[in-house]
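Protein chains in written order, with our numbering: chain A, 265 to 566; chain B, 265 to 566. Single-structure report; data block below.
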DNA sequence: TAGTTGTATAAATAAAAATCTATACATTTA
DNA sequence: TAAATGTATAGATTTTTATTTATACAACTA
């Protein structure tokens with residue numbers, strides 16, 4: 265930790281560096297528009313604090329001692345540190361304004377805050393315009409190039425995107441904790457076909473995964489209800505209206521709910537969340553900073 | 265030149281760096297034994313001056329922004345600069361005391377000040393004990409190991425020394441400006457044998473050179489006077505009592521004298537001044553610093 | 001040697017930076 | 001919801017730093 269005692273003030277450093285450069289106390293005074301005694305006194309104090317002679321005066325000439333030269337070099341080093349800092353800070357100032365537009369598949373809404381909140385703390389002046397909706401809507405927005413970034417579980421056909429694997433998405437079967445399947449191990453897919461389900465609507469990413477899964481495993485689920493919200497599904501499942509298939513991110517939201525994850529064969533359905541952007545969309549400074557952030561801190565290590 | 269405006273004070277840097285390290289304003293206050301509002305205010309001021317948010321406070325947690333991280337890195341750099349400076353200065357403090365003992369052949373006394381004065385200005389606290397005498401005395405002192413350094417025109421036999429060529433010593437023939445040899449070109453050595461000379465005493469370096477020179481050129485000079493001082497010789501020569509043979513360093517001491525250098529064949533007698541020290545003598549810190557100085561700034565480039 | 005130039009010291013003052021107390025506000029925890 | 005914890009603001013005060021004027025001194029320069 266920086267030591268304040270025995271450390272000359274910034275002003276004193278300035279005076280001394282000017283002295284070294286002009287070898288004259290009165291010249292320093294003139295250049296900095298202050299009186300000669302002021303310079304005299306400050307420099308003397310500084311040398312006293314450092315307990316070292318930094319210069320000598322012989323007649324009317326100023327000689328910088330070796331110790332003084334060392335101090336001068338240190339000042340120059342500090343000077344460049346400050347200059348570089350200024351340049352860095354100016355770069356950050358470019359990030360103090362601007363809006364980052366991100367569109368998120370609603371199933372991913374539970375994790376977006378984890379991702380976004382560190383970024384927002386680091387760049388507190390930025391605005392984020394967040395659009396949360398189902399996959400179909402995301403794809404529409406992606407095609408009409410409305411946002412900087414999209415978070416989807418896989419990339420749609422027909423659009424050039426740059427994508428980065430992000431976080432693993434696991435779809436699990438949930439039930440009320442009093443449901444008969446609870447605590448049963450290795451439930452077969454076939455048995456599932458006899459229970460009613462509450463599912464997300466057509467066009468949602470979750471629904472898409474489920475349908476693909478059912479097709480490939482050759483099963484058909486009973487669909488008692490279709491709801492556009494994961495949260496609502498959880499409530500109906502909790503009231504034992506039926507089973508649900510949800511991303512595990514939507515669960516364990518802290519509240520000790522009545523929901524239980526079932527141990528079904530071939531589950532969870534694993535897929536990947538991707539963050540993507542259109543190849544031809546020009547990155548704003550802010551967007552590019554966000555891109556760096558995602559790559560450095562969220563890129564999935566395979 | 266260091267910019268005082270928009271530059272945070274050293275104290276503010278200290279506060280901020282402590283903040284980064286402990287992520288809490290009240291913790292900083294506690295650690296530095298000041299009140300919490302004081303820290304709050306100073307940090308706020310600092311951020312205002314830099315026109316950048318360095319941290320944000322959310323609830324009771326402190327988050328350092330990216331800009332803040334940059335500032336922190338800068339502070340660390342400044343910190344190490346100061347630490348290194350302290351170490352350097354402490355090394356110089358070792359040189360604030362101590363006596364440097366130097367013995368100089370009196371013929372070289374005219375140049376010793378040129379050599380010594382920059383050194384003394386750079387290390388103003390040191391003492392120099394200077395012995396000026398003729399060569400014989402120098403050699404005696406060298407043998408009894410009395411001084412750190414010796415300046416002689418060549419090394420004596422029988423003592424282990426480390427020597428460094430230094431400055432060229434040219435012995436020239438001088439006369440009063442009204443002397444008949446003045447303005448004559450190419451005076452032969454033979455003609456010199458008919459004029460009386462005023463010379464340095466036996467045992468002086470100059471005398472040694474002259475004798476060696478006469479021997480090798482097979483001439484003999486008329487010796488009217490022997491004097492132990494170059495300055496005195498100059499006065500007698502100026503009064504036209506005789507010719508003199510002196511180091512050119514002893515001349516052109518500013519005063520527009522009555523002395524003229526004669527254009528004698530085989531003159532000047534060139535030889536070398538050496539600075540030397542006994543091999544087995546242990547160097548004090550001060551002596552070693554002087555040694556470095558001589559090597560870096562006075563070593564004769566051949 | 002007188003005048004000029006450059007630096008040092010003293011004493012007073014000004015400006016600035018840093019601090020405190022008291023209080024209010026906000027968030028988290030019990 | 002009350003208590004605890006952490007931060008912000010206001011206003012007054014203290015401390016430190018910086019500066020000034022006036023004067024003295026010292027060393028060059030003409």
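Built from N, CA and C at the ideal position, the CB exists for glycine as well.
In the DSSP secondary-structure assignment, residue 393 (chain B) is bridged to B:365. Interface annotation, residue 309 (chain A): not in contact with chain B, CB-CB separation never under 9 Å.
By the neighbour-count criterion, in which 16 or more other beta carbons inside 10 Å mark a residue as buried, residue 388 (chain B) falls on the buried side. The Cβ atoms of residue 394 (chain A) and residue 469 (chain A) do not sit closer than 9 Å to each other. Considering only A:557, A:513, A:524, the residue with the shortest C-alpha distance to residue 373 (chain A) is A:513. Collapsing the DSSP output to three states places residue 479 (chain A) in a helix. Residue 271 (chain A) and residue 292 (chain A) have their alpha carbons spaced roughly 21 Å apart. Taken through DSSP and simplified to helix, strand or coil, residue 387 (chain B) comes out as coil.
Membership of residue 415 (chain A) in the beta strand (DSSP E) is indicated by the continuous run 413–416.
Note on geometry: alpha-carbon atoms of residue 511 (chain A) and residue 286 (chain B) lie some 37 Å from one another. In this structure, the CA atom of residue 539 (chain A) is about 28 Å from the CA atom of residue 481 (chain A). In the DSSP annotation of this structure, the continuous segment of the alpha helix (DSSP H) that includes residue 301 (chain B) starts and ends at 300–314.
In this chain, the beta strand (DSSP E) harbouring residue 508 (chain B) covers 507–511.
For residue 354 (chain B), the three-state secondary structure derived from DSSP is helix.
Taking 9 Å as the CB threshold, residue 341 (chain A) lines the interface with chain B. Within the stretch 545–557 of chain B, not one residue has a Cβ closer than 7 Å to any Cβ of chain A. In the DSSP annotation of this structure, the continuous segment of the alpha helix (DSSP H) that includes residue 290 (chain B) starts and ends at 289–295. Judged by DSSP secondary structure, residue 403 (chain A) falls within the alpha helix (DSSP H) whose first and last residues are 399–407. Neighbours of residue 387 (chain B) in chain A, taken as residues at a C-beta separation under 8 Å, are given in chain order as 329, 330. In this structure residue 338 (chain A) does not touch residue 356 (chain B) by the C-beta definition: roughly 13 Å separates them, more than the 8 Å allowed. Its chain contains 382 as the residues whose beta carbon lies nearer than 8 Å to that of residue 561 (chain A), once the 5 sequence neighbours on both sides are disregarded; these appear in chain order. Sequence-ordered contacts of the stretch 474–506 of chain A with chain B are nonexistent [C-beta pairs closer than 8 Å].
For a Cβ distance threshold of 9 Å, residue set 331, 334, 335, 337, 338 of chain B lies close to residue 352 (chain A), ordered along the chain. In the displayed model, residue 560 (chain B) falls within a helix according to three-state DSSP.
For residue 298 (chain B), the closest C-alpha among the options B:477, B:282, B:311, B:504 is that of B:282. A distance below 7 Å between beta-carbons, with the five flanking residues on each side excluded, links residue 487 (chain A) to the following residues of its chain, in chain order: 461, 463. Along the stretch 443–507 of chain B, the alpha helix (DSSP H) occurs as fully enclosed runs of 4 or more residues at 453–456, 469–481, 494–502, listed in sequence order. With contacts defined by Cβ atoms closer than 9 Å, residue 371 (chain A) and residue 564 (chain A) do not form a contacting pair. Comparing alpha-carbon positions, the option among A:305, A:515, A:280, A:306 lying closest to residue 436 (chain A) turns out to be A:515. Beta-bridge annotation (DSSP): residue 554 (chain B) is not paired with any residue. The beta carbons of residue 353 (chain A) and residue 296 (chain B) sit no closer together than 9 Å. Within the stretch 349–373 of chain B, 349, 352, 353, 356, 357 place their CB atoms closer than 7 Å to a CB of chain A, listed in sequence order. One finds 273, 274 in chain B with Cβ atoms closer than 8 Å to the Cβ of residue 273 (chain A), taken in chain order. Rounded to whole angstroms, residue 402 (chain A) and residue 429 (chain A) show a C-alpha spacing of 17 Å. When the Cα atoms are used, residue 530 (chain B) and residue 307 (chain A) turn out to be separated by approximately 56 Å. Residue 541 (chain B) carries a strand assignment under DSSP once its states are collapsed to helix, strand and coil.
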